[in-house]
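J.:
There are 2 protein chains.
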Amino acid sequence: MEQHTSTRAQQTRERIRAAARRLFLRQGYLATSMDAILAEASISSKETLYRHYTNKEELFADVLRHLTLQRPDFSERLTTLPAPHDLPSLRHALTQIAREILALMSQPDYLALVRMIIAEAPRFPDLGALFFETVPLTGISIITALLRQAREQDIIADVDFDVVARLLLGGLLSYAIPNLVSAEKQLRAAPPDRADALVDMLMRALTPR
Amino acid sequence: MEQHTSTRAQQTRERIRAAARRLFLRQGYLATSMDAILAEASISSKETLYRHYTNKEELFADVLRHLTLQRPDFSERLTTLPAPHDLPSLRHALTQIAREILALMSQPDYLALVRMIIAEAPRFPDLGALFFETVPLTGISIITALLRQAREQDIIADVDFDVVARLLLGGLLSYAIPNLVSAEKQLRAAPPDRADALVDMLMRALTPR
DNA sequence: TCATAATCGTACCGTATGGTACGGTACGAT
DNA sequence: ATCGTACCGTACCATACGGTACGATTATGA
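Chains R and A, in that order, are what the protein sequence lines are. The numbers in the numbering used here rise by one with no breaks, and the one at position 77 of the first sequence is 77. The numbers in the numbering used here rise by one with no breaks, and the one at position 129 of the second sequence is 1129.
1) Using a Cβ-Cβ cut-off of less than 8 Å, list which residues of the segment 1168-1186 of chain A approach chain R; keep chain order.
2) Starting from the N-terminal side, write out each stretch of the alpha helix (DSSP H) that is 4 residues or longer and does not extend beyond the segment 1150-1181 of chain A.
3) Could you give the distance in angstroms between the alpha-carbon of A:T1068 and the alpha-carbon of A:E1014?
4) Residues in the segment 138-162 of chain R with C-beta within 9 Å of chain A's C-beta atoms, listed in sequence order?
5) Suppose contacts are defined by Cβ-Cβ distances below 8 Å. Is A:E1120 in contact with A:Y1053 by that definition?
6) Using the rule of at least 16 other Cβ atoms within 10 Å of the residue's Cβ for burial, across every protein chain shown, is R:P84 buried or exposed?
7) Could you check which residue in A:S1182, A:R1017 and A:H1092 has the C-alpha nearest to that of A:N1055?
8) Among A:S1182, A:L1173 and A:R1188, whose alpha-carbon lies nearest the alpha-carbon of A:A1195?
9) Within 8 Å (strictly less), CB to CB, does R:R204 reach chain A?
10) In the DSSP assignment, the alpha helix (DSSP H) including R:R209 goes from what residue to what residue?
11) Quick one: does A:R1091 have its CB under 8 Å from some CB of chain R?
12) At 3 residues or longer, and completely inside the segment 1078-1139 of chain A: list those beta strand (DSSP E) runs for me, N to C.
13) Could you tell me whether the segment 101-111 of chain R touches the segment 162-179 of chain R, where touching means 3 or more Cβ pairs closer than 8 Å?
14) When you compare each of A:D1086, A:P1072 and A:R1051 to A:I1142 by their alpha carbons, which one comes out closest?
15) Could you check the C-alpha separation between R:H92 and A:I1155 for me, to the nearest Å?
16) Between which two residues does the alpha helix (DSSP H) holding R:A189 run?
17) 8 Å is my cut-off, CB to CB: does R:E2 come that close to chain A?
18) Would you mind reading off the limits of the alpha helix (DSSP H) that contains A:D1035?
19) Whose C-beta lies closer than 6 Å to the C-beta of R:G128 among residues of the same chain, with five residues either side of it excluded?
20) Check whether chain R comes within 8 Å of A:A1103, counting only Cβ atoms and requiring the distance to be less than that.
21) Going along the chain, which residues of its own chain have a beta-carbon closer than 8 Å to the beta-carbon of R:P136, five neighbours each way excluded?
22) Please determine, among R:V63, R:Q27, R:I37 and R:R151, the residue with the shortest C-alpha to C-alpha distance to R:R115.
23) Might you give, ordered along the chain, the residues of its own chain that have their beta carbon closer than 6 Å to the beta carbon of R:A20, omitting 5 neighbours on each side?
24) Whose C-alpha, out of A:T1012, A:A1061, A:E1076 and A:L1025, is nearest the C-alpha of A:L1049?
25) Answer yes or no: the CB of R:S174 versus the heavy atoms of the ligand COA, is any distance below 7 Å?
26) At least one CB of chain A closer than 8 Å to the CB of R:F74: is that the case?
27) Could you tell me the distance, in whole angstroms, from the CA atom of R:E133 to the CA atom of R:A165?
28) Contact defined as beta carbons within less than 8 Å: I believe R:M201 pairs with A:A1041. What is the distance between those atoms, to the nearest angstrom?
29) Quick one: residues in its chain with C-beta nearer than 6 Å to the C-beta of R:Q3, no 5 flanking neighbours on either side, listed in chain order?
30) Hey, how far is the Cα of R:R103 from the Cα of R:A190?
31) To the nearest angstrom, report how far apart R:H66 and A:S1075 are at their CA atoms.
32) What is the DSSP secondary structure of A:E1002, reduced to helix, strand or coil?
33) Pick from R:F124, R:G139, R:A183 and R:Y175: whose alpha carbon is nearest that of R:P192?
34) Are the CB atoms of A:G1171 and R:L167 nearer to each other than 8 Å?
Here you go:
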């Protein structure tokens, strides 16, 4: 056997990372001790942990890098949307996107990730920049691409697409942000019709006059 | 002398709170030690500190409560705006508001406050709720009030004002949020013309057709 | 089978933390 | 002058933390 997809060492490393991810997301960096990570990973020796990660910082950075780079999986579902051919289809596509983003931003895991990134940004500035330069930028570019397609078919007026994208994304944010400071138990679920209302209002600005 | 506006004890208490505010905003709750607060406040005995605040938690809560309740001072400047009498004056008023809010959200102190509230929300859920139920709600109500005035004079169409307010506020957010994870030194100053662009786009949605 | 790497247990170190104890000193009001 | 309150200095405590040391034990791969 030469081609082992996962050696024992790799398995332990991933157990550690998974345990650390859970605790870091729940409690933050400082409040999570290495001993607690040990217990959560069902590992019984510190030596084992420090064989895989020389530092607490390194472990944290690894966890966060994995989280941000594996995160934008929803973008695949959105980039394959068919090009809009008239106003109703554009509205439909935008609504689809808005609902998807709102659903993503309402997930407890996503909220916990954002909260932790913001919380530890002073300690790990690079990781915060990495996150905010990948995830939200993806959303903006998806929306602007859709609008550009619509513009090329003369469906909508010639407006600043970036501004429109920020209005939509920001409007969705205004529903999700309060959940950043709420306990996980009592999330105020922003109903999908809020996304529809935002899109409807934006359509008024997009239609030529 | 009976009517002392500030006794010696009150002065010390405020010195402590000011020092704690600086350190908490800069480093967060866990990373700020009581000894560090002592030094920052130029106080030389722990006994003095614990005479004013029985807990670290109590001190933190006091700092945050003061910060959130003293914060919305900009609202006074905005609620006294003259009622709009036509479309240009409405655009002007909205631009004014948008610029003011953008400027507020770009202040390092404000960013640090928001970051800290988000970071410590799991530990202090009440304080987070207090902040997000006062400050942003104030912004929304100011905008909706302005729009209602404009609607009563038939300047704008009959649309959902809350949605419009969230679009504007959220659009501004999209420029400010990345600064939550940037070092204080390299804040990407969102230029005021971004606020103008957002308002211009919204005006397209507001005008009757 | 054998050598090597990974894991285990456990003990340990230095440092920092939140909070307490206590005797002494400066101050402010009556 | 005096009395209570606030402040000072310093020492202390129990606990927790990140990280290291090291011998014993187990699994893995050739």
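Don't be surprised by glycine CBs; every beta carbon is placed ideally from N, CA and C. Values in this document were obtained by computation on a predicted structure and should not be read as measured data.
T.: Reading off the structure:
1) Residues passing the 8 Å Cβ filter: L1168, L1169, G1170, G1171, L1172, L1173, S1174, Y1175, I1177, P1178, L1180, V1181, S1182 and A1183.
2) Assignment of alpha helix (DSSP H) within the segment 1150-1181 of chain A, counting only whole runs of 4 or more residues, yields 1161-1176 in chain order.
3) Spanning the alpha carbons of A:T1068 and A:E1014 requires a straight line of approximately 16 Å.
4) For the segment 138-162 of chain R, which is checked against every Cβ of chain A, the residues closer than 9 Å are I140, A157, V159, D160 and D162.
5) No; because the gap between Cβ atoms is not below 8 Å, this pair is not in contact.
6) With 16 or more neighbouring CB atoms inside 10 Å of its own CB, R:P84 falls in the buried class.
7) Closest option to A:N1055, Cα to Cα, is A:R1017.
8) Measuring from the Cα of A:A1195, the nearest candidate turns out to be A:L1173.
9) Cβ-Cβ to chain A under 8 Å: yes for R:R204.
10) Counting along the chain, R:R209 falls outside any alpha helix (DSSP H), and DSSP gives it neither H nor E.
11) The beta carbon of A:R1091 does not come within 8 Å of any beta carbon belonging to chain R, so the residue lies off that interface.
12) Entirely contained in the segment 1078-1139 of chain A, not one beta strand (DSSP E) run reaches 3 residues.
13) Of all C-beta pairs linking the segment 101-111 of chain R to the segment 162-179 of chain R, three or more are shorter than 8 Å, placing the two stretches in contact.
14) Minimum Cα distance to A:I1142 is reached at A:P1072.
15) Here the C-alpha atom of R:H92 lies approximately 30 Å from the C-alpha atom of A:I1155.
16) Bounds of any alpha helix (DSSP H) do not take in R:A189, whose DSSP letter is neither H nor E.
17) With a pLDDT of 40 at R:E2, under the threshold of 50, the predicted position of this residue should be treated as unreliable, though the coordinate-derived value follows. Under the Cβ criterion of 8 Å, R:E2 is not counted among the residues facing chain A.
18) Start and end: M1034 to E1040.
19) Taken in chain order, the residues that qualify are I117 and A121.
20) Not closer than 8 Å to any Cβ of chain R, the Cβ of A:A1103 fails to qualify, so no.
21) In chain order, L169 place their CB closer than 8 Å to the CB of R:P136, counting only its own chain and leaving out the 5 sequence neighbours on each side.
22) Residue R:Q27 is the option with its Cα nearest to R:R115.
23) Contacts found: I37, L59 and V63.
24) Closest option to A:L1049, Cα to Cα, is A:T1012.
25) Judged by which ligands are present, the structure shown has none, so any question about the ligand COA falls away.
26) False, the Cβ-Cβ gap to chain A never drops below 8 Å.
27) So the alpha carbons of these two residues sit roughly 15 Å apart.
28) In fact, because the Cβ distance is near 50 Å, the residues do not count as touching under 8 Å.
29) With a pLDDT of 40 at R:Q3, under the threshold of 50, the modelled position of this residue cannot be trusted; read the value that follows with caution. Here the set comprises nothing.
30) Looking at the sequence shown, residue 103 of chain R is not Arg but Ala. Straight-line Cα distance between these residues: approximately 9 Å.
31) Straight-line Cα distance between these residues: approximately 42 Å.
32) Interpretation of A:E1002 is limited by its pLDDT of 39, a score under 50 that renders its predicted location unreliable; the figure taken from the coordinates is listed afterwards. In the structure shown, A:E1002 sits in coil (DSSP, three-state: anything other than H, G, I, E or B).
33) Closest option to R:P192, Cα to Cα, is R:Y175.
34) Yes, the pair counts as a contact, with Cβ atoms nearer than the cut-off.
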